[in-house]
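Okay, so the sequence shown: first residue is 0 according to numbering that gives the first Met the number 0, each after it adds one.
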Amino acid sequence: MARETAPRPGRGAARGAARRGRAAHATAGERRGVTKAILRFNGRAFVSVKKHRNYRLFFLGQTVSLPGTWIQRFAQAWLVYSLTHHSALAVGLLAFAQFLPFTLFSLFAGVVVDRFDPRRTVINTQATAMLLASTVAAITLAGVVRPWHVYVIAFLGGLVQVLDAPSRQQLTYRMVGRAELQNAVALNSSVFNASRIYGPALAGILIAAFGAGICFTINAVSFLAVLAGLLMMRPQEFYPVEASTRPTMMRGAREGIAFALQSREIFLVLVLVLIVSTFCLNYNVLLPVLAKQTLHAGPRTFGALSAAFGAGALVGGLLAAAQGRARRSLMLLGAMGFGASELLLGPAGSVWLACVLLFAGGVSFTTWSSNANSIVQLAAPDHLRGRVIGLYFFAFAGTGSLGGLISGWLVHVGGTRLAFFVAGIAAMSSALVVGRLMRAPTAPVGAEAAGERLSPQAAQVGGAARR
Numbered sequence: 000m001a002r003e004t005a006p007r008p009g010r011g012a013a014r015g016a017a018r019r020g021r022a023a024h025a026t027a028g029e030r031r032g033v034t035k036a037i038l039r040f041n042g043r044a045f046v047s048v049k050k051h052r053n054y055r056l057f058f059l060g061q062t063v064s065l066p067g068t069w070i071q072r073f074a075q076a077w078l079v080y081s082l083t084h085h086s087a088l089a090v091g092l093l094a095f096a097q098f099l100p101f102t103l104f105s106l107f108a109g110v111v112v113d114r115f116d117p118r119r120t121v122i123n124t125q126a127t128a129m130l131l132a133s134t135v136a137a138i139t140l141a142g143v144v145r146p147w148h149v150y151v152i153a154f155l156g157g158l159v160q161v162l163d164a165p166s167r168q169q170l171t172y173r174m175v176g177r178a179e180l181q182n183a184v185a186l187n188s189s190v191f192n193a194s195r196i197y198g199p200a201l202a203g204i205l206i207a208a209f210g211a212g213i214c215f216t217i218n219a220v221s222f223l224a225v226l227a228g229l230l231m232m233r234p235q236e237f238y239p240v241e242a243s244t245r246p247t248m249m250r251g252a253r254e255g256i257a258f259a260l261q262s263r264e265i266f267l268v269l270v271l272v273l274i275v276s277t278f279c280l281n282y283n284v285l286l287p288v289l290a291k292q293t294l295h296a297g298p299r300t301f302g303a304l305s306a307a308f309g310a311g312a313l314v315g316g317l318l319a320a321a322q323g324r325a326r327r328s329l330m331l332l333g334a335m336g337f338g339a340s341e342l343l344l345g346p347a348g349s350v351w352l353a354c355v356l357l358f359a360g361g362v363s364f365t366t367w368s369s370n371a372n373s374i375v376q377l378a379a380p381d382h383l384r385g386r387v388i389g390l391y392f393f394a395f396a397g398t399g400s401l402g403g404l405i406s407g408w409l410v411h412v413g414g415t416r417l418a419f420f421v422a423g424i425a426a427m428s429s430a431l432v433v434g435r436l437m438r439a440p441t442a443p444v445g446a447e448a449a450g451e452r453l454s455p456q457a458a459q460v461g462g463a464a465r466r
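1) Out of curiosity, what's the CA-to-CA distance linking Pro-234 and Thr-127?
2) Give the range of the alpha helix (DSSP H) segment to which Asn-372 is assigned.
3) Thinking C-alpha only, which one of Val-144, Phe-107, Ala-394 is nearest Thr-277?
4) Expressed to the nearest angstrom, what Euclidean distance is found between the alpha-carbon atoms of Val-46 and Arg-326?
5) Just grab the DSSP bridge partners of Arg-253 for me.
6) What whole-angstrom Cβ distance do Val-225 and Gln-75 have, given they're in contact under 8 Å?
7) Is the Cβ-Cβ distance between Ala-426 and Phe-301 less than 8 Å?
8) One question on the structure: do Trp-367 and Gly-333 come within less than 8 Å of each other, judged by their Cβ atoms?
9) Quick one, are the C-beta atoms of Gly-91 and Gly-403 less than 8 Å apart?
10) Beta-carbon within less than 6 Å of Gly-67's beta-carbon, same chain only, minus the 5 sequence neighbours each way: which residues are those?
11) Going by C-alpha to C-alpha distance, which of Leu-180, Ala-259, Tyr-172 sits closest to Pro-239?
12) Report the start-end ranges of each alpha helix (DSSP H) in the stretch 181 to 235 that is 4 residues or longer and not cut off at the edges.
13) Measure the C-alpha to C-alpha separation of Gly-361 and Gln-376 and round it to an integer number of angstroms.
14) Alpha helix (DSSP H) containing Arg-263: first to last residue?
15) DSSP three-state call for Arg-145: helix, strand or coil?
16) Could you name the residues of the same chain whose beta carbon sits closer than 7 Å to that of Val-184, not counting the 5 residues immediately before and after it, in chain order?
17) Does the distance from the CB of Ala-341 to the CB of Cys-279 come in under 8 Å?
18) Grouping DSSP H, G and I as helix and E and B as strand, with all else coil, what is His-411?
19) Residues in its own chain within less than 6 Å of Ala-207 by CB, not counting five upstream and five downstream?
20) Do Gly-309 and Ser-406 come within 8 Å of each other at the CB atom, strictly closer than that value?
21) So what's Leu-88 in DSSP terms, helix, strand or just coil?
22) Tell me the residue span of the alpha helix (DSSP H) that contains Pro-117.
23) Could you say which of Leu-352, Cys-354, Asn-182, Ile-138 lies nearest to Cys-214 if we only look at CA atoms?
24) In the DSSP assignment, find the unbroken alpha helix (DSSP H) run with Leu-286 in it and report its ends.
25) Got a sec, what are the start and stop residues for the alpha helix (DSSP H) Gln-75 sits in?
26) Are the beta-carbon atoms belonging to Leu-313 and Ile-196 less than 8 Å from one another?
27) Taking 6 Å as the limit between beta carbons, can you name the residues of its chain near Leu-93, skipping five residues before and five after?
28) Is Gln-261 buried or exposed, if buried means 16 or more other CB atoms sit within 10 Å of its CB?
29) Can you find the residues in the same chain that come closer than 7 Å, C-beta to C-beta, to Gly-212, ignoring five residues on each side of it along the sequence?
30) Among the residues of its own chain, which have a CB less than 7 Å from the CB of Phe-98, if the five just before and after it don't count?
31) Helix, strand or coil: which one does DSSP assign to Arg-114?
32) Tell me whether the beta-carbon of Ile-265 lies closer than 8 Å to the beta-carbon of Ala-259.
33) Mind checking whether Thr-365 and Ala-319 have CB atoms under 8 Å apart?
34) Could you tell me if Phe-209 is buried or exposed, where buried requires 16 or more neighbouring beta carbons within 10 angstroms of its beta carbon?
35) What did DSSP end up calling Tyr-391 once you bin it into helix, strand or coil?
This is the structure in structure tokens:
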């Protein structure tokens, strides 16, 4: 009679333990792989902060100061909207006042930037901006503020920005050199747009609780951080650049324009920037109306919408910082995505859908703008860089006054649906046309307008040779 054999005790448990061990080992390996990928991403994304002390100080100062800037922008738009009994045209006039100085003077600002030390220029512009913020805070807290006061402060702030914006870009180049320029430009954009996340959200809470005056006060104090960083820099560690001549204002502006017209690539990039910026960047006009009239909400929702765009722009900026090189294909793809998000935002009828679309628009916006900025800067020679950057900011902000009025008029005629529809069509069609004219090249952009590739190693060698 056969004897039944019982299974050896523990064999099944041992097999199960072995399987669990292999699974745990695989899971641990996956975690290590993810950790390594994150570390590699951080190493690429923040290389400028790690390598350059001067840029690290600048980066940290901006991290503290720029949220205050967004708090003030939010508060100015909401204050004018409230003082004028919810007039979209009045908010459009605020945008007109803010961007009119770019229209009038940005073509000549680059000549000034090429003449003077960019660090000293930025110190002066930031100190002036702090004074303006203190002024509007005082009259608002005193209860005597009127719409025209805000318009005047916005215009004077625009005058400051005409010099500040190209000087910051020139200073960024001097701090990091050619090799990390794309990385630093994208990080600057990331900090700027990260401030969109909590700046407007905090402003909405502060306005609801204390009024707009406290917002202006916070911005005035925040300038101390960036001023401290600028004063602590070591000028001897800046990358040297070719000395610029000192032409007259008209001659200097003509030289910059002539160079941009001769470079087909720069010209097409500036055309794309001009169109997208004119029709698509008027959120300071559109979002208060979208929150109040379309979504029937208040300042908290306005803050949430602005924060959603800022979150997307932060993600896009970090991705652009990690890519290392500017690419035309990403610039065009970003412009297309930005236009598509605005086209879909027009009929959006809920807060959550509007936030999702604004997040996607933020990712696309930073992808487009950071690549466009770097392409223009890397294609410019040292002695003309300030003037070429001035042209870029003329295209980026010079028609902001006109764009604000157009958006305000479109909202007045057909609501936010019409305004976002026009913006989306303008961005997508211009990206398609410029892409066709460029024949949509995908190679990385280097130092030359023809689009030759510049490796980080070659750029570092060139930077060391210029030291």
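Where a beta carbon is used, it is the ideal one built from N, C-alpha and C, also for glycine.
A quick look at the data gives this:
1) As a working mapping, residue 234 is identified with position 235 in the sequence shown. As a working mapping, residue 127 is identified with position 128 in the sequence shown. Cα-Cα distance, rounded: 22 Å.
2) Here the question's residue 372 lines up with position 373 in the sequence shown. Where Asn-372 is concerned, the enclosing alpha helix (DSSP H) starts and stops at 350 to 378.
3) As a working mapping, residue 277 is identified with position 278 in the sequence shown. Out of Val-144, Phe-107, Ala-394, Ala-394 has the C-alpha closest to the C-alpha of Thr-277.
4) Taking the first residue of the sequence shown as position 1, residue 46 is located at position 47. Taking the first residue of the sequence shown as position 1, residue 326 is located at position 327. Whole-angstrom Cα-Cα distance: 19 Å.
5) Taking the first residue of the sequence shown as position 1, residue 253 is located at position 254. Answer is none; Arg-253 lacks a bridge partner.
6) Here residue 225 is taken as the residue at index 226 of the sequence shown, counted from 1. Here residue 75 is taken as the residue at index 76 of the sequence shown, counted from 1. 20 Å between Cβ atoms; not a contact.
7) Locating residue 426 in the sequence shown gives position 427, where the first residue counts as 1. Locating residue 301 in the sequence shown gives position 302, where the first residue counts as 1. Contact flag unset, no.
8) Here residue 367 refers to the residue found at position 368 when the sequence shown is read from its first residue. Here residue 333 refers to the residue found at position 334 when the sequence shown is read from its first residue. Against a cut-off of 8 Å, the Cβ pair of Gly-333 and Trp-367 comes out as a contact.
9) As a first step, residue 91 must be located in the sequence shown, where it is residue number 92. As a first step, residue 403 must be located in the sequence shown, where it is residue number 404. In terms of Cβ geometry, Gly-91 and Gly-403 form a close pair [threshold 8 Å].
10) By 1-based counting over the sequence shown, the position of residue 67 is 68. Short of 6 Å from the beta carbon of Gly-67, and not among the five residues preceding or following it, lie these beta carbons of its own chain, in chain order: Ile-217, Asn-218, Ser-221.
11) Taking the first residue of the sequence shown as position 1, residue 239 is located at position 240. Put simply, of Leu-180, Ala-259, Tyr-172 the residue whose alpha carbon is nearest the alpha carbon of Pro-239 is Tyr-172.
12) Qualifying alpha helix (DSSP H) stretches, in chain order: 212 to 230.
13) Taking the first residue of the sequence shown as 1, we reach residue 361 at position 362. Taking the first residue of the sequence shown as 1, we reach residue 376 at position 377. The alpha-carbon of Gly-361 is positioned some 22 Å away from that of Gln-376.
14) By one-based count along the sequence shown, residue 263 stands at place 264. Unbroken alpha helix (DSSP H) run through Arg-263: 263 to 279.
15) Here residue 145 corresponds to residue number 146 of the sequence shown, with the count starting at 1. Here Arg-145 sits in coil by DSSP.
16) Translated into positions along the sequence shown, residue 184 becomes position 185. Cβ neighbours of Val-184 beyond the five flanking positions: Thr-171, Ser-369, Asn-372, Ser-373.
17) Along the sequence shown, one-based indexing puts residue 341 at 342. Along the sequence shown, one-based indexing puts residue 279 at 280. Sequence check: residue 341 is Glu here, not Ala. Contact flag set, yes.
18) Residue numbering aside, residue 411 sits at position 412 when the sequence shown is read from its first letter. DSSP places His-411 in helix when its eight states are reduced to three.
19) The residue you call residue 207 lines up with position 208 of the sequence shown. Pro-298.
20) For the purposes of this step, residue 406 is taken as residue 407 along the sequence shown, with counting starting at 1. For the purposes of this step, residue 309 is taken as residue 310 along the sequence shown, with counting starting at 1. Not closer than 8 Å, so no.
21) Stepping through the sequence shown from its first residue, residue 88 is reached at position 89. Three-state result, Leu-88: helix.
22) Position 118 of the sequence shown, counted from the first residue, corresponds to residue 117. Pro-117 -> alpha helix (DSSP H) spans 117 to 140.
23) For the purposes of this step, residue 214 is identified with residue 215 of the sequence shown, where counting begins at 1. Taking only the C-alpha atoms, the option nearest Cys-214 is Ile-138.
24) Position 287 of the sequence shown holds residue 286. Counting along the chain, the alpha helix (DSSP H) containing Leu-286 begins and ends at 282 to 288.
25) Working through the sequence shown from its first residue, we reach residue 75 at position 76. In the DSSP assignment, Gln-75 falls within the unbroken alpha helix (DSSP H) covering 52 to 82.
26) For the purposes of this step, residue 313 is taken as residue 314 along the sequence shown, with counting starting at 1. For the purposes of this step, residue 196 is taken as residue 197 along the sequence shown, with counting starting at 1. Yes. Within cutoff.
27) Position 94 of the sequence shown, counted from the start, is the residue given in the question as residue 93. Taking Leu-93 as the centre and dropping the five residues before and after it, the same chain places the C-beta of Val-79, Ala-153 closer than 6 Å to its C-beta, in chain order.
28) Walking along the sequence shown from the start, residue 261 turns up at place 262. When all chains shown are included, Gln-261 counts as exposed.
29) If you number the sequence shown from 1, residue 212 lands on position 213. Only Ala-136, Thr-139, Leu-140 meet the Cβ criterion.
30) Along the sequence shown, one-based indexing puts residue 98 at 99. Closer than 7 Å at Cβ, skipping near neighbours: Gly-157, Ala-396, Gly-399, Ser-400, Gly-403.
31) Position 115 of the sequence shown holds residue 114. The answer is helix: DSSP assigns Arg-114 an H, G or I state.
32) Here residue 265 corresponds to residue number 266 of the sequence shown, with the count starting at 1. Here residue 259 corresponds to residue number 260 of the sequence shown, with the count starting at 1. Taking 8 Å as the cut-off, the beta carbon of Ile-265 is found closer than this to the beta carbon of Ala-259.
33) Counted from its first residue, the sequence shown places residue 365 at position 366. Counted from its first residue, the sequence shown places residue 319 at position 320. Yes; because the gap between Cβ atoms is below 8 Å, this pair is in contact.
34) Taking the sequence shown and counting its residues from 1, one reaches residue 209 at position 210. Phe-209 comes out exposed.
35) Here residue 391 refers to the residue found at position 392 when the sequence shown is read from its first residue. The three-state reading of DSSP puts Tyr-391 in helix, counting H, G and I together.
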